[in-house]
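Asks: Numbering (UniProt numbering), first residue to last: 1 to 251.
Ideal placement from N, C-alpha and C gives every residue a C-beta, glycine not left out.
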Amino acid sequence: LPGRDGLWTTRPDPRQTLLGTYAPNDSMSNNKEFWKLLTESWLQKRLPVPDLFMGDHNIVEEGFDRTTGRADNYEATEALVIFKSLFEMRDGWRRYNPDTRDFTHTHWGANGNTTMSRIDRIYMREDLIKYSRNWEISDEMGDLTDHRMVLVTVSTPGVPYQGPGRYAIKPFILENMQLITDLMEICIAASKEIENVIGHGARTEALNPQRIHEKLKQDIIRTERTFSKKFVGTARAKIDALQSKKKDLLS
Numbered sequence: 001l002p003g004r005d006g007l008w009t010t011r012p013d014p015r016q017t018l019l020g021t022y023a024p025n026d027s028m029s030n031n032k033e034f035w036k037l038l039t040e041s042w043l044q045k046r047l048p049v050p051d052l053f054m055g056d057h058n059i060v061e062e063g064f065d066r067t068t069g070r071a072d073n074y075e076a077t078e079a080l081v082i083f084k085s086l087f088e089m090r091d092g093w094r095r096y097n098p099d100t101r102d103f104t105h106t107h108w109g110a111n112g113n114t115t116m117s118r119i120d121r122i123y124m125r126e127d128l129i130k131y132s133r134n135w136e137i138s139d140e141m142g143d144l145t146d147h148r149m150v151l152v153t154v155s156t157p158g159v160p161y162q163g164p165g166r167y168a169i170k171p172f173i174l175e176n177m178q179l180i181t182d183l184m185e186i187c188i189a190a191s192k193e194i195e196n197v198i199g200h201g202a203r204t205e206a207l208n209p210q211r212i213h214e215k216l217k218q219d220i221i222r223t224e225r226t227f228s229k230k231f232v233g234t235a236r237a238k239i240d241a242l243q244s245k246k247k248d249l250l251s
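(1) For residue 53, does the three-state DSSP call read helix, strand or coil?
(2) Can you tell me where the beta strand (DSSP E) holding residue 7 begins and where it ends?
(3) Give a yes or no on whether the C-beta atoms belonging to residue 83 and residue 52 are separated by under 8 Å.
(4) To test your reading of the DSSP string, which unbroken alpha helix (DSSP H) runs of 4 or more residues are found completely within the segment 49-102?
(5) Measuring CB to CB, does residue 58 end up less than 8 Å from residue 23?
(6) Beta-carbon within less than 8 Å of residue 131's beta-carbon, same chain only, minus the 5 sequence neighbours each way: which residues are those?
(7) With the cut-off set at 8 Å, would you say residue 20 and residue 54 are in Cβ contact?
(8) Can residue 103 and residue 116 be called in contact, C-beta distance under 8 Å?
(9) On the DSSP bridge assignment, give the partners of residue 149 in chain order.
(10) Roughly how many angstroms separate the alpha carbons of residue 62 and residue 72, rounded to a whole number?
(11) Within this structure, are the beta carbons of residue 139 and residue 56 separated by less than 8 Å?
(12) Would residue 133 and residue 60 qualify as a contact pair, given that the criterion is a beta-carbon distance under 8 Å?
(13) Report yes or no: is there a C-beta of chain D within less than 8 Å of the C-beta of residue 24?
(14) May I ask which residues mark the beginning and end of the alpha helix (DSSP H) holding residue 115?
(15) For the segment 204-217 and the segment 173-192, state whether three or more C-beta atom pairs, one from each stretch, are separated by less than 8 Å.
(16) Write down the C-beta distance between residue 93 and residue 129 rounded to the nearest angstrom, noting that I regard them as a contact closer than 8 Å.
(17) Report yes if the C-beta distance between residue 231 and residue 173 is below 8 Å; otherwise report no.
(18) Report the CB separation of residue 194 from residue 209 in whole angstroms; it is logged as a contact under 8 Å.
(19) Less than 8 Å between the beta carbons of residue 249 and residue 223, yes or no?
(20) From 200, 151 and 221, pick the residue whose C-alpha is nearest to that of residue 166; which is it?
(21) Using a threshold of 8 Å, state whether the C-beta atoms of residue 18 and residue 50 are closer than that.
(22) When you compare only the Cα positions, how much space is there between residue 100 and residue 245?
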């Protein structure tokens with residue numbers, strides 16, 4: 001359906017098929033026909049079975065997903081349910097947040113009323129959901145759109161465990177001039193110590209440029225972590241307070 005859906009299959013290891021959808025929002029009749037056409041396409045054509053499908057569905061399955069509590073057109077909703085049932089798909093975010101009320105889209109009406117809904121969803125095969133985590137409705141897009149992004153991390157079944165890797169300083173922390181000043185002082189002190197060791201021939205097994213450089217890296221990480229706990233902790237507390245307030249308002 002041109003402009004309304006896209007189907008992608010990734011390369012093997014792992015081979016996964018993803019379906020992206022943008023359902024009509026001009027009428028519930030067209031929304032219903034969209035899901036019916038998709039169902040017919042998969043029943044009549046040899047299309048790959050999607051592992052997950054996601055997008056702006058412009059419809060909710062239950063009134064709980066609208067601030068108004070209003071349920072959407074039954075026939076349109078039923079058409080969506082029939083389509084996702086072909087592949088035993090489940091609403092992943094709702095599976096992990098069964099009692100949470102949150103929304104992905106905000107609509108500002110002409111009369112000044114604001115309504116919200118969770119019309120953007122990711123559906124996933126039942127056997128794949130157990131490999132998913134970190135489901136989130138994120139404000140990452142900011143003011144670029146009136147939609148919020150649904151995020152999830154999906155692991156590949158059977159792959160070896162991968163650890164967190166080496167510690168890395170978060171780039172946004174390096175924009176703080178107070179931290180940069182503190183780190184520069186540490187680096188200058190280490191540089192002078194190295195020059196002193198080399199200049200006076202005072203190199204030993206315990207005191208040499210390599211040891212000083214190793215200690216410098218440890219000092220940088222320790223300083224950054226101490227700073228981050230204060231800086232991020234304050235910001236996190238503000239975010240948590242706002243999230244808690246929002247949750248109370250939506251309850």
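Replies: Concretely, from the data shown:
(1) strand
(2) 5-9
(3) no
(4) Here the runs fully enclosed are 74-85 and 92-96.
(5) A contact, by the Cβ cut-off of 8 Å.
(6) The residues 154, 155, 156 and 157, in chain order, have a CB closer than 8 Å to that of residue 131 in the same chain once the five nearest residues on each side in sequence are set aside.
(7) yes
(8) yes
(9) Note: residue 149 sits in a beta bridge opposite 138.
(10) 7 Å
(11) No, the Cβ-Cβ distance between residue 139 and residue 56 is not below 8 Å.
(12) no
(13) No chain D is present in this structure, which holds just one protein chain.
(14) First-last for residue 115: 114-117, but that is the beta strand (DSSP E), not the alpha helix (DSSP H).
(15) yes
(16) In fact, because the Cβ distance is near 10 Å, the residues do not count as touching under 8 Å.
(17) Cβ atoms of residue 231 and residue 173: closer than 8 Å.
(18) The pair is a contact, with the Cβ atoms about 5 Å apart (cut-off 8 Å).
(19) Contact flag unset, no.
(20) Nearest option by C-alpha distance: 221.
(21) Taking 8 Å as the Cβ cut-off, residue 18 and residue 50 qualify as a contacting pair.
(22) 14 Å
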